[in-house]
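*Asks:* Chains as they are written, first to last, in our numbering: chain A, 1347 to 1710; chain B, 1347 to 1710.
There are 2 protein chains.
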Amino acid sequence: MSSPEQSLTVSLPRSEVDRDYPIYIGRGLMADADSWARLLTDRDVVLVTNETIAALYQDKLVSALGERRVTAVVLPDGETHKHCGSIETILDQALAQRHERRSIFIALGGGVIGDMTGFAASIFLRGADFIQVPTTLLAQVDSSVGGKTGINHVSGKNLIGAFHQPLAVVIDLESIATLPAREYAAGMAEVVKYGLIRDRAFLSWLYAHQETLLARDPETVAEAIYRSCSNKAQVVAADERESGVRATLNLGHTFGHAIELTQGYGTWLHGEAVACGMVLATKISAARGWVQPTDVADLIAFLEALSLPVTAPSEMTAECFLKAMAGDKKVSKGTIRYILLRELGQAIIVDDITQQEIERALAD
Amino acid sequence: MSSPEQSLTVSLPRSEVDRDYPIYIGRGLMADADSWARLLTDRDVVLVTNETIAALYQDKLVSALGERRVTAVVLPDGETHKHCGSIETILDQALAQRHERRSIFIALGGGVIGDMTGFAASIFLRGADFIQVPTTLLAQVDSSVGGKTGINHVSGKNLIGAFHQPLAVVIDLESIATLPAREYAAGMAEVVKYGLIRDRAFLSWLYAHQETLLARDPETVAEAIYRSCSNKAQVVAADERESGVRATLNLGHTFGHAIELTQGYGTWLHGEAVACGMVLATKISAARGWVQPTDVADLIAFLEALSLPVTAPSEMTAECFLKAMAGDKKVSKGTIRYILLRELGQAIIVDDITQQEIERALAD
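(1) Going straight from the alpha carbon of Leu1471 of chain A to that of Ile1497 of chain B, what length do you get?
(2) Looking only at C-alpha atoms, which of A:Leu1483, A:Ile1506, A:Val1419 sits nearest to Ala1440 of chain B?
(3) Between which two residues does the alpha helix (DSSP H) containing Phe1470 of chain A stretch?
(4) Look up Ile1704 of chain A in the DSSP assignment and say whether it is helix, strand or coil.
(5) Hey, does Ile1506 of chain A have any beta-carbon neighbour from chain B nearer than 8 Å?
(6) Rounded to a whole number of angstroms, what is the C-alpha to C-alpha distance between Gln1478 of chain A and Ile1452 of chain A?
(7) Would a check of beta-carbon distances place His1445 of chain B closer than 8 Å to chain A?
(8) Any beta carbon of chain A sitting closer than 8 Å to that of Glu1703 of chain B?
(9) For Asp1697 of chain B and chain A, any beta-carbon pair shorter than 8 Å?
(10) Throw me the rounded Cβ distance for the Ile1517 of chain B and Pro1564 of chain B pair, which I believe falls under 8 Å.
(11) So the candidates are B:Glu1705, B:Ile1685, B:Arg1562; which of them puts its Cα closest to the Cα of Thr1628 of chain B?
(12) Please confirm whether Leu1690 of chain B and Arg1546 of chain B have their CB atoms less than 8 Å apart.
(13) Please list, in chain order, the chain A residues whose beta carbon lies closer than 7 Å to that of Glu1434 of chain B.
(14) Would you say Phe1548 of chain B faces chain A, with C-beta separation under 8 Å as the test?
(15) What are the residues in the stretch 1499-1532 of chain A lying within 7 Å of chain B by C-beta distance?
(16) Rounded to whole angstroms, how far is the Cβ of Val1491 of chain B from the Cβ of Cys1575 of chain B, which I believe are closer than 8 Å?
(17) Using a Cβ cut-off of 7 Å, pull out every chain B residue sitting near Ser1468 of chain A, in sequence order please.
(18) How do the stretch 1381-1389 of chain B and the stretch 1444-1459 of chain B stand: do at least 3 beta-carbon pairs fall below 8 Å, yes or no?
(19) Assuming Asp1641 of chain A is part of the alpha helix (DSSP H), what are its boundary residues?
(20) List the DSSP bridge partners of Lys1494 of chain A.
(21) Thinking C-beta only, is Arg1634 of chain B closer than 8 Å to Leu1519 of chain B?
(22) Would a C-beta distance cut-off of 8 Å place Ala1664 of chain A and Glu1705 of chain A closer than the cut-off?
(23) So, under 8 Å CB-CB, Met1534 of chain A and Leu1652 of chain A are touching, yes? Tell me the CB distance rounded to an integer number of Å.
(24) Since Ile1694 of chain B sits in a beta bridge, which residues does DSSP pair it with?
(25) Give me the residue from B:Asp1641, B:Gly1412, B:Gly1502, B:Leu1708 with the minimum Cα distance to Thr1657 of chain B.
(26) With DSSP run on the structure shown, which of helix, strand or coil describes Asp1405 of chain B?
(27) Please confirm if Lys1539 of chain B has its CB atom under 8 Å from at least one CB of chain A.
(28) What are the complete beta strand (DSSP E) segments, minimum 3 residues, inside the stretch 1506-1556 of chain B?
(29) Determine the DSSP secondary structure at Pro1564 of chain B, reduced to helix, strand or coil.
(30) Tell whether a beta-carbon distance below 8 Å holds between Tyr1403 of chain A and Leu1454 of chain A.
(31) Starting from Thr1417 of chain A and walking both ways along the beta strand (DSSP E), at which residues does that stretch end?
(32) Look at the alpha carbon of Leu1513 of chain A and the alpha carbon of Ala1579 of chain B, and state the distance between them as a whole number of angstroms.
(33) Just the chain B side, please: which residues come within less than 8 Å of Ala1442 of chain A by C-beta, in chain order?
(34) Going along chain A in order, which residues have a C-beta closer than 9 Å to the C-beta of Lys1494 of chain B?
(35) Which of helix, strand or coil does DSSP assign to Ala1709 of chain A?
(36) Grouping DSSP H, G and I as helix and E and B as strand, with all else coil, what is Val1620 of chain B?
Below, the structure is given as structure tokens:
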């Protein structure tokens, strides 16, 4: 302000705590009481999960948590419940049970549970710690790493939320075995994404291991998860708040969100919509001469082997995509930013995609 | 976890941005178009205020904001509206008007508006900037500085929220003139607090300027605001998340919150409850021999000159206080932490206050 009578500056420490955190990947971690004791010390727990996951893992996990106080909040299953009301349910129960700032929230479930639990923890008494225990492949390789939390709004997906880093991520490989085929495939779409945007060697490795991945061979799946998390962690470390390179993680997501929004959340799984969106982005990249037609064919073949959708719903025109994408929160000053592939294994952010390019990719 | 098959660490930058921010204090700042243009550049605005404040200042401020897009959200006045529903109203309107991450939220009003606007901004698209334009003395010297934002819950005050630092604080001294006497006095309670907890020279200065403060002499009030903000900024800089010294800012607040909770939010103004709480804390400090009986008398005389309450509601017994305080979020592992005065101008955190000590202070 110009010539105020007085002014002063509030200096803040650059960071109040060291916010690095570990990701543990292994078999049987969920039921390992010793590990939980080391991780949680004497702290109480607010365990958040959904009805489907609770039936599979809640007893096993709670047994491993020992004598500490555990308040379990069991929400209905599904993306349609990723709204403000569920956050209120979590907070109401945590407050009714008189949990304090030292209590730790544990998110046991897929991305929806992880996003909601992290968000609830971030606003509970102005910020409680939380631990991610992702039980879907999608959550393991994507949403559990990076600190994005939030809920949907009638205006769009993930429009309300916070950046809140977990204390740790615990990935128990045994959860892969119980995953429905559709969810496993949806997670694999995000795995392929890391190869496409920044790790060509990983992409080749995935294509070469298609059979063992389809068979959910634990060693192969563990390696795929590790390399995915490693890629994501590197991106997040470079750019926590998505001002630059983190945006490349959105390959296929801008188109994908448009599909989810238009079809109604939950009709397509997130990973399915991303798979289709990645094919569109790769086709546009090929049309610009940045990747080869064979790269598009290889991607489609891999996704189809996983029974993932590779074409958009037939009623969705380019105009329909553009209209839905204009409401995406990644829009900056009215310009839609897209992620394309400058070459195979290297993403690029562009804002000059034309309606014609989308039309061609849809028609192709 | 013990011997996981694989683990990796996510490294985060220590801070994504420089989070220091300026506090401007002066006359006519709200209507100064040039200053706003420099502060906001070309960014759109979500202006949040309440019905009372809107009638006084909204047109003046909006005129000074120029040609940029301004979405005004006018909430009902009062602490009883500091709840989740109001946050939803703010977010719904900001999203309906298609605001983006670059839009800046402006909180025009007292502490309730500031807390809610800051919280809404913190969760809008996972974090938008906001500017505090506090119009009450209480908000100017207390809640607008320090980054605490949030809402109340049926279980207690400010139980849901976030730490979110404003981009700037703009204190227009002209707002002091229109302040109801009760609100002015309530703000002065927090001003005195800084003297009591860490600035004995300021306390003496306040006592010496009782008459001009009562007359709301602009120069004197400006000096009182400046020295209060300066004290608070130093505390916040040392301890953003209230793990240590920041807790001393809660002098009188633990007792005060108990009064507000028991009487129903809004019956007593926050500053009134704090005034009464500070008297109780100072009396207990005196009973321990840490401050002089004359220090208690001086404080009571100053507060009474401002027509602030210095005794608790007669029906509130020590037991009643203890029960209400047990639900306060500052409780750590079941132990209630109190702020007392080790000497005049120096606060100390204790957890060993007995019911008898409270009874004596209430009876005194």
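All C-beta atoms in this analysis are idealised placements derived from N, C-alpha and C, irrespective of residue type, glycine included.
*Replies:* The answer reads as follows:
(1) 10 Å
(2) Comparing Cα-Cα distances from Ala1440 of chain B to each of A:Leu1483, A:Ile1506, A:Val1419, the minimum goes to A:Ile1506.
(3) From DSSP, Phe1470 of chain A is part of no alpha helix (DSSP H); its letter is neither H nor E.
(4) helix
(5) Yes, Ile1506 of chain A lies at the interface with chain B (some Cβ there is under 8 Å from its Cβ).
(6) 6 Å
(7) no
(8) no
(9) No - not a single Cβ of chain A is within 8 Å of the one on Asp1697 of chain B.
(10) With 8 Å as the limit, Ile1517 of chain B and Pro1564 of chain B do not qualify as a contact, their Cβ atoms being about 12 Å apart.
(11) B:Ile1685
(12) yes
(13) Residues of chain A passing the Cβ test: Cys1430.
(14) no
(15) If the cut-off is 7 Å between Cβ atoms, the stretch 1499-1532 of chain A has His1499, Ser1501, Leu1505, Ile1506, Gly1507, Ala1508, Phe1509, Gln1511, Val1516 near chain B.
(16) Distance from Val1491 of chain B to Cys1575 of chain B at the Cβ level is roughly 5 Å; contact confirmed, criterion being Cβ atoms closer than 8 Å.
(17) Ala1508
(18) yes
(19) For Asp1641 of chain A, the uninterrupted alpha helix (DSSP H) segment begins and ends at 1639-1651.
(20) A:Phe1509
(21) Arg1634 of chain B sits away from Leu1519 of chain B, with the two beta carbons spaced by 8 Å or more.
(22) yes
(23) That belief holds up - the Cβ atoms of Met1534 of chain A and Leu1652 of chain A are roughly 5 Å apart, short of 8 Å.
(24) B:Leu1686
(25) B:Leu1708
(26) Note: Asp1405 of chain B maps to helix in three-state DSSP.
(27) no
(28) 1514-1518
(29) Helix, per DSSP.
(30) A contact, by the Cβ cut-off of 8 Å.
(31) 1416-1421
(32) 29 Å
(33) Ser1501
(34) Arg1472
(35) Per DSSP, reduced to three states, the secondary structure at Ala1709 of chain A is helical.
(36) helix
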